[in-house]
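Student: One structure, pasted below without further comment.
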Ligand code: WQD
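Numbering (the working numbering), first residue to last: 2 to 343.
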């Protein structure tokens, strides 16, 4: 039986590359489109190292409608799309909202337009727990009311979900929206991992870069929140667990098991950890004492959020495998590898 071909946008990125590994290992053929504005093309060398397969990447900006259209013309056998390509730093989006609106909306519009023109049947969208805004309580379920987004990044995900719903309602496209909590860690082989461009916005790469000495010190953005130790609570989830959920979501639609044309799933472990607890876990597994200071709150941050993941477990059969120790271990192993340290 011929393998189904999946187009992964943002395939050279952190979650995209890990998802390509999982798709290949579960029998799919994959092509990538990534303009490498926030990623490195050689991440696909790491994918080849793990899977033995060289992935074709179209170095195309999805905001260019003609170039995007040409990819679909060249690949009439695309059976599904997983759309990761977007800017995703909460803090940066607060400083540069129009950059986020331009990139995240126009790339999505172009790829959705191609889905309708080329009758692509299945679409998986990289959404985010930031769509919930600052929830009144956690864990949040997929039915937790959507509040005002706390950042332009979260707003682009809220509107992105609505754009997909309306496209699904007016076409034959079927979609699944995956709301990630905080993806962290690296593939256990450490052939692929997170490669932040410039100073890392996210917590775990900031921790590992500080520990290895690339950053002199890191800041904990606030310890005056109403949490058990004053620092923000997040639901950290291993990137390989996130990746596998995409394969399960595609299988679910391709096998015709989906209950509606557009379904939403939370992807988190269901455990909330504070920033200081995450740092303590890193120090425990790495044996490094982290050099950090308590700083002001970061605009756009919410106080606490973690997932109710029962729907993904019950419906998709998704079972997260990695715990926080393992997330920190793989993140640290990757950081040491890319800095050629034993
Ligand atoms: C986590 C916590 C910071 C850096 C991320 C992704 C976003 C979305 C949701 C998928 C916050 C604190 C951070 C630092 C710190 N995921 N922090 N010092 O903002 O929750 O958003 O998950 O779509 O794409 O960005 O993640 O790692 O930036 O912050 O104290 O140097 O760590 O204040 O409380 P965030 P993050």
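Even for Gly, the Cβ is constructed at its ideal location relative to N, Cα and C.
Just so it is clear, the structure is predicted and the values come from calculations on it, not from any experiment.
#1: Hey, could you find the ends of the alpha helix (DSSP H) residue 50 is sitting in?
#2: Just confirm the distance between the C-beta atoms of residue 162 and residue 128, as a whole number of angstroms; I'd bet it's less than 8 Å.
#3: Name the DSSP bridge partner or partners of residue 340?
#4: Count the other CB atoms within 10 Å of the CB of residue 27; is the residue buried (16 or more) or exposed (fewer)?
#5: Please find out if some non-hydrogen atom of ligand 1 comes closer than 7 Å to the beta-carbon of residue 240.
#6: Does residue 158 pass the burial test, meaning 16 or more other C-beta atoms within 10 Å, or should it be called exposed?
#7: Whether or not the stretch 251-260 and the stretch 31-50 are in contact is what I'm after, with contact meaning three or more pairs of Cβ atoms, one per stretch, closer than 8 Å; do they touch?
#8: Please report the Cβ distance between residue 336 and residue 210, rounded to the nearest whole angstrom; I am assuming they are in contact, meaning their Cβ atoms lie under 8 Å.
#9: Per DSSP, which one or two residues make a beta bridge with residue 266?
#10: Could you tell me the boundaries of the alpha helix (DSSP H) in which residue 280 lies?
#11: Is there contact here, the stretch 284-299 with the stretch 221-231, by at least three beta-carbon pairs under 8 Å?
#12: Measure the C-alpha to C-alpha separation of residue 172 and residue 139 and round it to an integer number of angstroms.
#13: Would the beta-carbon of residue 86 fall within 8 Å of that of residue 100?
#14: What separation, rounded to the nearest whole angstrom, lies between the Cα atoms of residue 285 and residue 321?
#15: For the beta strand (DSSP E) that contains residue 30, what are its first and last residues?
#16: Could you check if residue 181 belongs to the surroundings of ligand 1, using beta carbon to heavy atom distance under 7 Å?
#17: Between residue 207 and the rest of its own chain, which residues show a CB-CB distance below 6 Å, the 5 nearest in sequence each way excluded?
#18: Return the first residue and the last residue of the alpha helix (DSSP H) that residue 154 is part of.
#19: Should the stretch 39-46 be regarded as contacting the stretch 65-85, the criterion being three or more beta carbon pairs within less than 8 Å?
#20: Kindly confirm or deny that the stretch 186-203 and the stretch 275-291 touch, where touching means at least three C-beta pairs closer than 8 Å.
#21: Starting from residue 254, trace the alpha helix (DSSP H) in both directions and tell me its first and last residue.
#22: Could you check whether the Cβ of residue 276 sits closer than 7 Å to any heavy atom belonging to ligand 1?
#23: Could you pull the start and end residues of the beta strand (DSSP E) that residue 227 belongs to?
#24: Under 7 Å: does the beta carbon of residue 37 sit that close to some heavy atom of ligand 1?
#25: Report the option in 217, 112, 145, 185 whose CA atom is closest to the CA atom of residue 326.
#26: Closer than 7 Å to a non-hydrogen atom of ligand 1 - does that hold for the CB of residue 220?
#27: Identify every residue that forms a DSSP beta bridge with residue 235.
#28: For residue 126, which of helix, strand or coil comes out of DSSP?
#29: With a threshold of 16 other CB atoms inside 10 Å of the CB of residue 118, please say whether the residue is buried or exposed.
#30: Helix, strand or coil: how does DSSP classify residue 328 here?
#31: Straight-line CA distance for residue 235 to residue 179?
#32: Where does residue 53 land, buried or exposed, given buried means 16+ other C-beta within 10 angstroms?
#33: Report, in whole angstroms, the separation of the C-beta atoms of residue 132 and residue 247, which I expect to be a contact under 8 Å.
#34: Within 10 angstroms of the Cβ of residue 328, are there 16 or more other Cβ atoms? Answer buried if so, exposed if not.
Tutor: Checking against the coordinates, here is how it stands:
#1: 44-52
#2: 6 Å
#3: For residue 340, which the question treats as bridged, DSSP gives no partner whatsoever.
#4: exposed
#5: no
#6: buried
#7: no
#8: 7 Å
#9: 179
#10: 276-287
#11: yes
#12: 35 Å
#13: no
#14: 22 Å
#15: 30-34
#16: yes
#17: 201, 219
#18: 153-170
#19: no
#20: no
#21: 240-255
#22: yes
#23: Element bounds for residue 227: n/a, residue is neither H nor E.
#24: no
#25: 185
#26: yes
#27: 274
#28: strand
#29: exposed
#30: helix
#31: 17 Å
#32: exposed
#33: Not confirmed; about 18 Å, so no contact.
#34: buried
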